[in-house]
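Trainee:
Protein chains: 2
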Amino acid sequence: MTYCVGILVDEGLVMIADTRTNAGVDNIATYKKLHVFEKPGDRVIALASAGNLAATQAVVSLITEGIEDAETGGLETIWTQPSMFKAAQFVGRAIREVYNVDGRSLEQQQASFDVTFLVGGQIAGGRLRLFMVYAAGNFIEATADTPYLQIGEHKYGKPILDRAIGHETDLYDALKLGLVSMDSTMRSNLSVGMPLDLMVYRRDALASELIHRVDVGDPYFHDLQDRWSSALQAAHKAIPRPPYGND
Amino acid sequence: MTYCVGILVDEGLVMIADTRTNAGVDNIATYKKLHVFEKPGDRVIALASAGNLAATQAVVSLITEGIEDAETGGLETIWTQPSMFKAAQFVGRAIREVYNVDGRSLEQQQASFDVTFLVGGQIAGGRLRLFMVYAAGNFIEATADTPYLQIGEHKYGKPILDRAIGHETDLYDALKLGLVSMDSTMRSNLSVGMPLDLMVYRRDALASELIHRVDVGDPYFHDLQDRWSSALQAAHKAIPRPPYGND
Chain A
70 MTYCVGILVD EGLVMIADTR TNAGVDNIAT YKKLHVFEKP GDRVIALASA
120 GNLAATQAVV SLITEGIEDA ETGGLETIWT QPSMFKAAQF VGRAIREVYN
170 VDGRSLEQQQ ASFDVTFLVG GQIAGGRLRL FMVYAAGNFI EATADTPYLQ
220 IGEHKYGKPI LDRAIGHETD LYDALKLGLV SMDSTMRSNL SVGMPLDLMV
270 YRRDALASEL IHRVDVGDPY FHDLQDRWSS ALQAAHKAIP RPPYGND
Chain B
70 MTYCVGILVD EGLVMIADTR TNAGVDNIAT YKKLHVFEKP GDRVIALASA
120 GNLAATQAVV SLITEGIEDA ETGGLETIWT QPSMFKAAQF VGRAIREVYN
170 VDGRSLEQQQ ASFDVTFLVG GQIAGGRLRL FMVYAAGNFI EATADTPYLQ
220 IGEHKYGKPI LDRAIGHETD LYDALKLGLV SMDSTMRSNL SVGMPLDLMV
270 YRRDALASEL IHRVDVGDPY FHDLQDRWSS ALQAAHKAIP RPPYGND
């Protein structure tokens, strides 16, 4: 399993991904699921993936090695996309290419072609955007009303985002809330695990502000987990007990 | 969809169920999903259901109308069960009877026979127990290590239970935490909705202590939602922003 979240606020974009993959509970491994394609001044595109590891790796390989453009005969890559919309379309096209090669064989083995990607970033001349690309290659976009998108095991970590994230949230508060959401997910689903990869991008900077790996034992993340846990305990203790029956 | 939770603590048992059913988003209705079978001094058995409404209603009808005992020819009902273990087995048997009648036809219509029940309570001479009965009629039991069981849309409301519920939790704190868990679920899944039905049973009382419906606009529940929301806001605001990048 996997949990990745992208948060698009007024100040910029936060992307966080866990790194655990598993094929059964006795076959777990660490794989990077957050890839950043960056050429300062030109583009920063962060790609997070969930689902079948062979398929998501093939998609990442395809968008970097390139897909032939049927009209021009040239190679299209993530670096040649002129806009974020085109970049999302291109990731969708790569997913379809991988499906055309592997999809039927996977289905014959009762394995599903279940891949989802978050594609967020900015290309010079365009605006900062965040998309979620489905296995069919189609995609949706985060907006001011719904400023975050999640892929993988999304439910455990959703309540805190639903309550706390808005378009006007400070960029590093968004990062903090994304980490709280990750913590909730990792506590409830063993197949989502440390370390965490994260990227922070400030709108119009055209260079990433922060690319960081949060390792096991990271003092800030450990402190965040402790504080959040204590605060939740204090929060429910501060609520009076139900008066029902004493009415 | 549905969300029901049963919490078994040292002092007793809490059962909470929402009441929303839906067949598509344009066909929602209110149905009681928490049924309490009570004869003071003899037994209190609370049954909460999730899944296909026709199937869960049929199971409830069967366990009250009775199933013929193949050996004696007599009618077995939920009232004739000598122990909670037998009661859970009996609910399992009723599920299998309903599956035998409806299961194949449902599958022919691409509808699934997806039912789950919580069965909690106490029968004179036995101890307080809480079971989750699956569609196959088999079941698991809550223990001191894992003092709560959930059915239906369980993920959104699980993190708070994971963090806060223990076997030693006060009975009305357990009720309060169950309501917080319900609130988180209703915020994130529209198909779980008010009113809520709840039961509180104190161990060895052999009579329910509280059976209550929390209606829309209930002042305590409204206050709990407000306090919880404010406390979560305060909790994440009190955590320092990530220092990453300033190391």
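Protein sequences, first through last, are from chains A and B. Our numbering runs 69 ahead of the 1-based position in the first sequence. Our numbering runs 69 ahead of the 1-based position in the second sequence. Beta carbons: idealized from backbone N, C-alpha and C, even for Gly.
Could you check the C-alpha separation between ILE192 of chain B and LEU199 of chain A for me, to the nearest Å?
Mentor: The residue you call residue 192 of chain B lines up with position 123 of the second sequence. The residue you call residue 199 of chain A lines up with position 130 of the first sequence. Rounded to whole angstroms, ILE192 of chain B to LEU199 of chain A spans 57 angstroms at the Cα level.
Trainee: Indicate whether at least one CB of chain A lies closer than 8 angstroms to the CB of LEU246 of chain B.
Mentor: One-based indexing of the second sequence puts residue 246 of chain B at position 177. True, the Cβ-Cβ gap to chain A drops below 8 angstroms.
Trainee: Alpha carbon to alpha carbon, what distance is there between LEU197 of chain B and LYS306 of chain A?
Mentor: On the first sequence, residue 306 of chain A is found 237 positions in, with the first residue counted as 1. On the second sequence, residue 197 of chain B is found 128 positions in, with the first residue counted as 1. Looking at the two C-alpha atoms, the distance is approximately 26 angstroms.
Trainee: If you follow the alpha helix (DSSP H) that ASP87 of chain B is part of, which residue opens it and which one closes it?
Mentor: The residue given as residue 87 of chain B occupies position 18 in the second sequence. First-last for ASP87 of chain B: undefined, no H or E at that position.
Trainee: Grab me the residues of ASP79 of chain A's own chain with a C-beta within less than 7 angstroms of its C-beta, minus the 5 sequence neighbours each way, in chain order.
Mentor: Counting from 1 along the first sequence, the entry for residue 79 of chain A is found at position 10. The residues are HIS236, GLU237.
Trainee: Based on the DSSP secondary-structure assignment, which residues constitute the bridge partners of GLU210 of chain B?
Mentor: Counting from 1 along the second sequence, the entry for residue 210 of chain B is found at position 141. In DSSP, GLU210 of chain B forms a bridge with B:PHE200.
Trainee: Suppose you measure from the CA of GLY286 of chain A to the CA of ASP292 of chain A; what does that come to, to the nearest Å?
Mentor: One-based indexing of the first sequence puts residue 286 of chain A at position 217. One-based indexing of the first sequence puts residue 292 of chain A at position 223. Computed Cα separation, rounded: 10 angstroms.
Trainee: In the DSSP assignment, find the unbroken beta strand (DSSP E) run with GLN219 of chain B in it and report its ends.
Mentor: Reading the second sequence from its first residue, position 150 is the one you call residue 219 of chain B. Its beta strand (DSSP E) spans residues 217-221.
Trainee: Beta-carbon separation of MET201 of chain A and ILE220 of chain A under 8 angstroms?
Mentor: Working through the first sequence from its first residue, we reach residue 201 of chain A at position 132. Working through the first sequence from its first residue, we reach residue 220 of chain A at position 151. Yes; because the gap between Cβ atoms is below 8 angstroms, this pair is in contact.
Trainee: Given THR133 of chain A, which residues of its chain have a CB within under 7 angstroms of its CB, disregarding the five upstream and five downstream residues?
Mentor: Here residue 133 of chain A refers to the residue found at position 64 of the first sequence. So the qualifying residues of the chain are THR146, ILE147.
Trainee: Of all the beta strand (DSSP E) runs that stay within the bounds of the region 85-151 of chain B, which reach a length of 3 or more residues?
Mentor: Counting only runs of 3 or more, we get 89-91, 97-99, 103-108, 112-120.
Trainee: Below 8 angstroms between beta carbons: does that hold for PHE186 of chain A and VAL170 of chain A?
Mentor: Indexing the first sequence from 1 puts residue 186 of chain A at position 117. Indexing the first sequence from 1 puts residue 170 of chain A at position 101. No, the Cβ-Cβ distance between PHE186 of chain A and VAL170 of chain A is not below 8 angstroms.
Trainee: Alpha carbon to alpha carbon, how far is ALA115 of chain A from ASP231 of chain A?
Mentor: Position 46 of the first sequence, counting from 1, holds the residue named residue 115 of chain A. Position 162 of the first sequence, counting from 1, holds the residue named residue 231 of chain A. The alpha-carbon atoms of ALA115 of chain A and ASP231 of chain A are separated by roughly 23 angstroms.
Trainee: Starting from ASP266 of chain A and walking both ways along the beta strand (DSSP E), at which residues does that stretch end?
Mentor: Working through the first sequence from its first residue, we reach residue 266 of chain A at position 197. Its beta strand (DSSP E) spans residues 265-271.
Trainee: Excluding the 5 residues preceding and the 5 following TRP297 of chain A in the sequence, name in chain order all residues of the same chain whose CB lies nearer than 7 angstroms to its CB.
Mentor: The residue you call residue 297 of chain A lines up with position 228 of the first sequence. If we look at TRP297 of chain A and ignore the five residues flanking it on each side, its Cβ neighbours are VAL249, ASP252.
Trainee: ALA205 of chain B: which of B:ASP183, B:GLU222, B:GLY81 sits nearest, CA to CA?
Mentor: Numbered from 1 along the second sequence, position 136 holds the residue referred to as residue 205 of chain B. Residue B:ASP183 is the option with its Cα nearest to ALA205 of chain B.
Trainee: Would the beta-carbon of TYR217 of chain B fall within 8 angstroms of that of SER257 of chain B?
Mentor: Here residue 217 of chain B refers to the residue found at position 148 when the second sequence is read from its first residue. Here residue 257 of chain B refers to the residue found at position 188 when the second sequence is read from its first residue. Going by C-beta atoms, TYR217 of chain B is not nearer than 8 angstroms to SER257 of chain B.
Trainee: What in chain B is Cβ-close to ALA233 of chain A, meaning under 8 angstroms?
Mentor: Within the first sequence, numbered from 1, the residue matching residue 233 of chain A stands at position 164. LEU301, GLN302, HIS305, listed in chain order.
Trainee: Can you name the residues of chain B whose CB is closer than 7 angstroms to the CB of ARG310 of chain A?
Mentor: Here residue 310 of chain A is taken as the residue at index 241 of the first sequence, counted from 1. Within 7 angstroms Cβ-Cβ: TYR241, ASP242, LYS245.
Trainee: Please compile the residues from chain A whose C-beta is within a distance smaller than 7 angstroms of the C-beta of PRO228 of chain B.
Mentor: For the purposes of this step, residue 228 of chain B is taken as the residue at position 159 of the second sequence. Under the 7 angstroms cutoff, chain A gives TYR225, SER253, ARG256, SER257.
Trainee: By alpha-carbon positions, which one of A:GLY189, A:ALA117, A:GLN178 ends up nearest to LEU275 of chain A?
Mentor: Residue mapping note: residue 275 of chain A aligns to position 206 of the first sequence, counting from 1. Answer by Cα proximity: A:GLY189.
Trainee: Over the uninterrupted alpha helix (DSSP H) stretch that includes GLU237 of chain B, give me the two end residues.
Mentor: Here residue 237 of chain B corresponds to residue number 168 of the second sequence, with the count starting at 1. Where GLU237 of chain B is concerned, there is no enclosing alpha helix (DSSP H), given that its DSSP letter is neither H nor E.
Trainee: Could you run through the region 282-298 of chain A and flag, in chain order, every residue whose CB is less than 7 angstroms away from some CB of chain B?
Mentor: Listed by position, the residues of the region 282-298 of chain A near chain B (Cβ gap below 7 angstroms) are TYR289, LEU293, ARG296, TRP297, SER298.
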